[in-house]
Amino acid sequence: MAQVLLLLIPLLLLSLKFGGVRKNQPRLPPGPWRLPIIGSLHHLFKSPLIHRALADLARGYNAPVMYLQLGELNAVVISSPDAAREVMKTHDVIFATRPLSATVRAGSMIADGLGIAFSPYGERWRQLRKFSTMELLSTKRVRSFRPIREDETARLVTEIAACLPGELVNVTVRVATLVANSALRAMMGEGFRRREELLECITQAIKIATAQAVQRKLFELVDHAVEQHREHRSGPSAIDSKDEDMLDVFLRIQEEGDLGCSLDVGDIKAIIVDLFVGGSEPTATTIQWAMAELMRNPNVMQRAQTELHCALQDKSRVTEDDLGTTDFMGTDFRYTPFGAGRRICPGLAFSLANVELVLAMLLFHFDWQLPPGPTLRVPL
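When we follow my numbering, the leftmost residue of the sequence shown carries the number 137, and every step to the right adds one.
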């Protein structure tokens, strides 16, 4: 601790000497005081949970729009519904182009194509997003993946049911595995030969998305999947449109040339990676947080379970048809990590289909409670 204080003292003196307001400095939102080089980073160490530290700072400075300098990165933190509405809806066109960090520019993430996540806002981005929402992630397409979702959730229920009574269940790991499996089957079908390798790589990419070795491996595996699909499509057996996975749709549209803009293999790989990495983590996180909050509020969980059992009556399992008969179940997803405005996640319907079915199955088949002991409390 003493060493840390000795390091901070020179930084503080430099901040007092050079931290005065300059005449030509732009007007910035309020925010915490900053040190040279590291800026506001030291304020984030006050809590092990970054979102809690940010919330405390915004509250302490009465700043629903708060400025932070995170090393060389300038950031603005939005902490109120009104401010979020201004940024993500009213003026979202101003913020629709995402700046590319030096790490992203130097890595493999944009070597083949920018995809949807990093493409600048403009006509090409609109065409790619339209293609994603109308072809890849339309209501009809999402509905066609229903057997995959029901199969994966049934498998999850079977695995949990095989546990001993009272045995601890790691919901985070099991849900993340289910979501990744569902996404892989929907995007690449059942026959991808390097399935386990890709699933492991996706897990690593979510944890350390900027690691160039992980990026290269991920794009290499997706490239292998593209070639495997091309070989299959050039074979004697035709693929029915209702049996297409997402990669089949990509290749068909590329062959037909109906997109309205060029779509090369690099673009296909970039968008597939966007959908994998961007779609898996938010879906799994939403389910995990919902389960954690339900276990922290047993009365709410019991209400949801009672509604499910009343709606299903003598049925032994939940199907997607049953979800439309419940009112209370659908109220858990008002706040979800899928964004808003022009940059709202195009896979929202695809993700929520997984969220609703998995939650319903977990609540219908099992009673849940947090493990005993203060050290096992869920940090939210």
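Yeah, the Cβ is synthetic: ideal placement off N, Cα and C, and Gly gets one too.
Remember, it's a predicted structure, so these values are computed and weren't measured experimentally.
Distance between residue j and residue i (C-alpha atoms, nearest Å)
| i | j | result |
| --- | --- | --- |
| Arg439 | Glu456 | 20 angstroms |
| Arg282 | Ser318 | 10 angstroms |
| Trp425 | Leu444 | 20 angstroms |
| Lys276 | Leu484 | 14 angstroms |
| Gly371 | Gln364 | 11 angstroms |
| Met98 | Gln441 | There is simply no residue 98 to check, as the chain begins at 137 and stops at 516 in what is shown. |
| Lys266 | Pro482 | 9 angstroms |
| Leu272 | Gly393 | 16 angstroms |
| Pro508 | Arg331 | 37 angstroms |
| Ala290 | Ala489 | 15 angstroms |
| Val157 | Glu259 | For Val157, the pLDDT reaches just 48, beneath the cut-off of 50, and the residue's location in the model is therefore unreliable, although a value from the coordinates is still provided. Taking the straight line from one Cα to the other gives about 41 angstroms. |
| Thr294 | Phe502 | 11 angstroms |
| Glu208 | Gly196 | 24 angstroms |
| Met224 | Phe231 | 8 angstroms |
Backbone secondary structure at residue i - three-state DSSP
| i | result |
| --- | --- |
| Val229 | coil |
| Gly175 | strand |
| Leu498 | helix |
| Phe328 | coil |
| Glu363 | helix |
| Ser280 | helix |
| Val309 | helix |
| Trp130 | One cannot answer for residue 130 here, as it falls past the ends of the chain, which runs 137 to 516. |
| Lys451 | coil |
| Ser370 | coil |
| Glu380 | coil |
| Val385 | helix |
| Glu288 | helix |
| Trp504 | coil |
| Thr462 | coil |
| Ala341 | helix |
| Phe254 | coil |
| Glu271 | helix |
Beta carbon of residue i nearer than 7 angstroms to that of residue j
| i | j | result |
| --- | --- | --- |
| Gln340 | Met431 | no |
| Phe328 | Ala298 | no |
| Leu314 | Leu334 | no |
| Pro434 | Phe474 | no |
| Ala316 | Ser216 | no |
| Val436 | Phe500 | no |
| Ile338 | Phe386 | no |
| Val358 | Ile408 | yes |
Boundaries of the alpha helix (DSSP H) in which residue i is found, first to last residue
| i | result |
| --- | --- |
| Ile214 | Counting along the chain, Ile214 falls outside any alpha helix (DSSP H), though it belongs to the beta strand (DSSP E) covering Leu209 to Ile214. |
| Val201 | Careful: Val201 lies outside any alpha helix (DSSP H), inside the beta strand (DSSP E) at Val201 to Leu206. |
| Ala429 | What sits at residue 429 in the sequence shown is Glu, not Ala. Note, Glu429: alpha helix (DSSP H), Val401 to Arg432. |
| Gly196 | Ile186 to Gly196 |
| Pro217 | Pro217 to Arg221 |
Beta-carbon contacts of residue i that lie in its chain and below 6 angstroms, excluding the five residues immediately before and after
| i | result |
| --- | --- |
| Leu264 | Ile252 |
| Leu399 | Gln390 |
| Pro77 | Since the first and last residues shown for the chain are 137 and 516, residue 77 lies out of range. |
| Asp410 | Gly251, Ile252 and Ala253 |
| Asp228 | Gly477 and Arg478 |
| Ala190 | It is worth fixing the name first, because residue 190 is Leu in this sequence and not Ala. These residues qualify, in order along the chain: Val213. |
| Met427 | Val307 |
Neighbourhood of residue i by C-beta, 7 angstroms cutoff - its chain only, sequence neighbours within 5 removed
| i | result |
| --- | --- |
| Ser176 | Gly167, Pro168, Arg170, Leu204, Gln205 and Leu206 |
| Asp381 | Ala322, Met323, Met324 and Gly325 |
| Ile423 | Val311, Val491, Val494 and Leu495 |
| Ile284 | Ser318, Arg321 and Ala322 |
Contacts around residue i, its chain only, beta-carbon distance under 8 angstroms, and the 5 residues preceding and following it disregarded
| i | result |
| --- | --- |
| Ser183 | Ala189 and Asp192 |
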